[in-house]
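First the structure, in the form of C-alpha cells, and then the observations on it.
There are 2 protein chains.
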Amino acid sequence: MTVVEYRSAFPPVYVTVDIVLLTIRDDQLHVLMIKRGSKPWRGWWALPGGFIRQYEDLAAAARRELVEETGLMVEPVHLEQLGSFGAPSRDPRARTVSVAYLGILPGLPFPTAGTDATSAEWRPVEEVLDRRMPFDHHTILSSAVERARGKLEYTPIATSFVGNAFTIGELRRVYEIVWGRPLDPGNFHRKLRSAADFIESTGTTREGGRGRPASLYRRGSATVLNPPILR
Amino acid sequence: MTVVEYRSAFPPVYVTVDIVLLTIRDDQLHVLMIKRGSKPWRGWWALPGGFIRQYEDLAAAARRELVEETGLMVEPVHLEQLGSFGAPSRDPRARTVSVAYLGILPGLPFPTAGTDATSAEWRPVEEVLDRRMPFDHHTILSSAVERARGKLEYTPIATSFVGNAFTIGELRRVYEIVWGRPLDPGNFHRKLRSAADFIESTGTTREGGRGRPASLYRRGSATVLNPPILR
DNA sequence: CAAATAGTGTCTTTCAGACAATATTGT
DNA sequence: ACAATATTGTCTGAAAGACACTATTTG
Chain A
-14 MTVVEYRSAF PPVYVTVDIV LLTIRDDQLH VLMIKRGSKP WRGWWALPGG
36 FIRQYEDLAA AARRELVEET GLMVEPVHLE QLGSFGAPSR DPRARTVSVA
86 YLGILPGLPF PTAGTDATSA EWRPVEEVLD RRMPFDHHTI LSSAVERARG
136 KLEYTPIATS FVGNAFTIGE LRRVYEIVWG RPLDPGNFHR KLRSAADFIE
186 STGTTREGGR GRPASLYRRG SATVLNPPIL R
Chain B
-14 MTVVEYRSAF PPVYVTVDIV LLTIRDDQLH VLMIKRGSKP WRGWWALPGG
36 FIRQYEDLAA AARRELVEET GLMVEPVHLE QLGSFGAPSR DPRARTVSVA
86 YLGILPGLPF PTAGTDATSA EWRPVEEVLD RRMPFDHHTI LSSAVERARG
136 KLEYTPIATS FVGNAFTIGE LRRVYEIVWG RPLDPGNFHR KLRSAADFIE
186 STGTTREGGR GRPASLYRRG SATVLNPPIL R
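Chains as they are written, first to last, in the numbering used here: chain A, -14 to 216; chain B, -14 to 216.
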C-alpha cells in the first residue's frame, strides 16, 4: 500500500462505493451484508463497499469490492448506479462521498463464503431495515429497495432475480415478493406474454413441480416494458 | 484560499457538482450554460458547477455554484440528483467525480446576469446537444433531458416549469415542448383534472389571451401522479 | 381421485385517443 | 362574423382486474 502525498486548494474527498446486492431466498428478499472488521462501526453488519482506486471506473470499483469483500464468484446479472450520498457527517473519519450501486443476483445455489470466510451473509431485507445500520446505509438500502420496486414496473429487471431459463410462475413470485402483495396468476400470465419482447419461449418445460409442468422462457430483447406491469 | 496538505493510503479525489438547469423560453427547452474562464476547456460553453466545500452537502454545493457562477437570484423550484460521473479520464487535471444535478426553473422574466457578467447564457438544448461539450457534459445533459422527459409522466415536475399560478394550456405546452410532440388539448385537459391532487383551482382566470380566458390553477399536493400522464 | 400449479376465457370497468361540439373571448 | 383558445361530450379500442374454467401433472 503506497502512501500518496497531496497538495491542493480544494479539500480532498474520499470516494467510496457501496453495493446493495439483492436476491431472493426462501421466498424473501435478501440483501448481502458484511461484518465490518475495521475502525468505525467495527463488528457491525454493513453494506459491502470500499474506496475507489486511482484509475478505476466507479462501476468497476463496485464489482471489485463485491469480489474482495464477499468472495462472490458470480457477476451480478444487473448492476446500476443508485445515487451518491455525501452528507458531511456521514463518516466521522473524514469527508467521504459514497456512490451507491444496486446489484441483483438470481437466488440459485452458489458459494457465499468470502476471503474473510464467514464475514459475508445474506439477510432478509425486512429484518435488516428494522435495525440500526452503520453510516447512512439505512437510507441507501431503503432507496435501493424502492428503486427495485419501481423498476419492476417498466423494465425487465425481474429476470435478473431468476436463472437463465425460468417459468412465468417463478417470475410472478419475484414480483409478489418484491412488491409484497399477491398477484392474480391468470392475469399476470396473459400480461407477460403480451408485453413485447419481454420473454421468449425456449420450447422446453420444467418437470418435477407439483402441478402441470410450466413452459420455460428466457429473457427477451426488451429494455423497456410496453405496456408496463403496473404495481 | 488556503492550501491543504494531505497524506493517505488512498488516492484523494476531487468531487465536483455539475448542474443542468432547464427552463422553457420561446417555446423551446433551454439549458443554462457558462463560459469557462479557466484552464481546461477555457473559452468553451459548459454546464455550471465546481468543487464541493469541506463541510457542505452535495445539494447545497449545487445551489451555491449556481448562484456563484450565474448570479441567479432565484432558487430552482426543483433540484434533484441525477447521478455521478467518474470515469478516470473525464478530467485531464486529476481524478474527479462529478455529482450531477437536474434543476428546473419557470421561464418567467428574471435576471440572468452573473457575477462574471455576460458569462452565463440560456441556450436551446437541441442546439447545445448538436455541438461538442467539455468533459462528459454531453452525457450529463442527455441524461438530464431523458430524466425530465420520464418524470413528466408520473410526477408533477411539469409545474416547476411554470409560474405559481398557471393554466392547463400552459402546462400542456410544457409537455409538448419537453416531449417534442403535440398533445390533444381536450384529452389533456380531462386527464389533468382527473389526476388526483395534481392541480387545484384558484378560482380566478387569466385574461388577455386570444381566446376564451382559461382558469388558473396552482400545484396540488400530489408527489406521484395517479393515473400517470403517459408519453 | 384430490391437490396443486399452468394456462385460457369472459365480463366489467377504466382509460387513452380521435374527434365533434360548445363556450367565451379579442379583432 | 371570424379566429383563437378553453372546455365538455361521445365514441372506439386497449388493457386491468375479478373470477370461472380447462389442462396436466404428482401423491
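The beta-carbon is built from N, C-alpha and C at its ideal position, and this holds for glycine as well.
- In the three-state reduction of the DSSP assignment, residue 24(A) falls in the coil class.
- Per DSSP, the beta bridge partners of residue 18(B) are 106(B).
- Proximity of chain B to residue 42(A) at the Cβ level (cut-off 8 Å) is accounted for by 71, 72 and 73, in chain order.
- The Cβ-Cβ distance between residue 13(B) and residue 162(B) falls below 9 Å.
- Distance from the Cα of residue 27(B) is smallest, within the candidate group 119(B), 179(B) and 147(B), for 119(B).
- A residue is called buried when at least 16 other Cβ atoms come within 10 angstroms of its Cβ; residue 22(A) does not meet this threshold and is exposed.
- Look at residue 62(A): its C-beta is not under 9 Å from any C-beta on chain B.
- Secondary structure of residue 178(A) (DSSP, three-state): helix.
- When the alpha-carbon of residue 186(B) is set against those of 150(B), 107(B) and 86(B), the nearest one is in 150(B).
- Assigned with DSSP and collapsed to three states, residue 60(B) falls in coil, not helix or strand.
- When DSSP states are grouped into helix, strand and coil, residue 4(B) belongs to the strand group.
- Straight across, the Cα-Cα distance linking residue 7(A) with residue 24(A) is about 26 Å.
- Looking only at 18(A), 9(A) and 42(A), the smallest Cα-Cα distance to residue 0(A) is reached by 42(A).
- The beta-bridge partner set that DSSP reports for residue 191(B) consists of 199(B).
- The C-beta distance from residue 31(A) to residue 122(A) rounds to 6 Å, short enough to fall under 8 Å.
- Annotation: residue 198(A) to residue 171(A) spans about 15 Å, alpha carbon to alpha carbon.
- Neighbours of residue 0(A) in chain B, taken as residues whose beta carbon is under 8 Å from its own, are -2, 0, 71 and 82 in chain order.
- According to the DSSP assignment, residue 51(B) belongs to the alpha helix (DSSP H) that extends over 43 to 55.
- Between residue 92(B) and chain A, the shortest Cβ-Cβ separation is not below 9 Å.
- Counting every other CB atom within 10 Å of its CB across the protein chains shown gives residue 60(A) a total below 16, marking it as exposed.
- Interface with chain B (9 Å Cβ-Cβ cutoff): residue 48(A) is excluded.
- Each of -3(B), 193(B) and 211(B) was checked against the Cα of residue 79(B), and the nearest Cα belongs to -3(B).
- Excluding sequence positions up to five before and after residue 40(A), its CB lies less than 6 Å from no other CB in the same chain.
- With fewer than 16 other Cβ atoms inside 10 Å of its own Cβ, residue 208(B) counts as exposed.
- Closest option to residue 188(A), judged by alpha-carbon separation, among 201(A), 167(A), 194(A) and 168(A): 201(A).
- Within its own chain, the residues whose Cβ lies closer than 6 Å to the Cβ of residue 155(A), once the five positions on either side in sequence are excluded, are 147, listed in chain order.
- Taking 9 Å as the CB threshold, residue 37(A) lines the interface with chain B.
- Contact between residue 63(A) and residue 4(A) is absent: CB atoms are separated by about 12 Å, not below the 8 Å threshold.
- Residues of chain A whose Cβ lies closer than 8 Å to the Cβ of residue 68(B) are, in chain order, 66, 68 and 69.
- In the three-state reduction of the DSSP assignment, residue 84(A) falls in the strand class, which pools E and B.
- Beyond the five residues adjoining it in sequence on each side, residue 206(B) comes within less than 7 Å, by CB distance, of 182 in the same chain, given in chain order.
- When DSSP reads this structure, residue 184(A) sits in a beta bridge with 204(A).
- Under the DSSP assignment, residue 154(A) falls in the alpha helix (DSSP H) whose first and last residues are 153 to 164.
- A buried status is given to residue 145(A), since no fewer than 16 other beta-carbon atoms sit within 10 Å of its beta-carbon.
- Beta-bridge annotation (DSSP): residue 138(B) is not paired with any residue.
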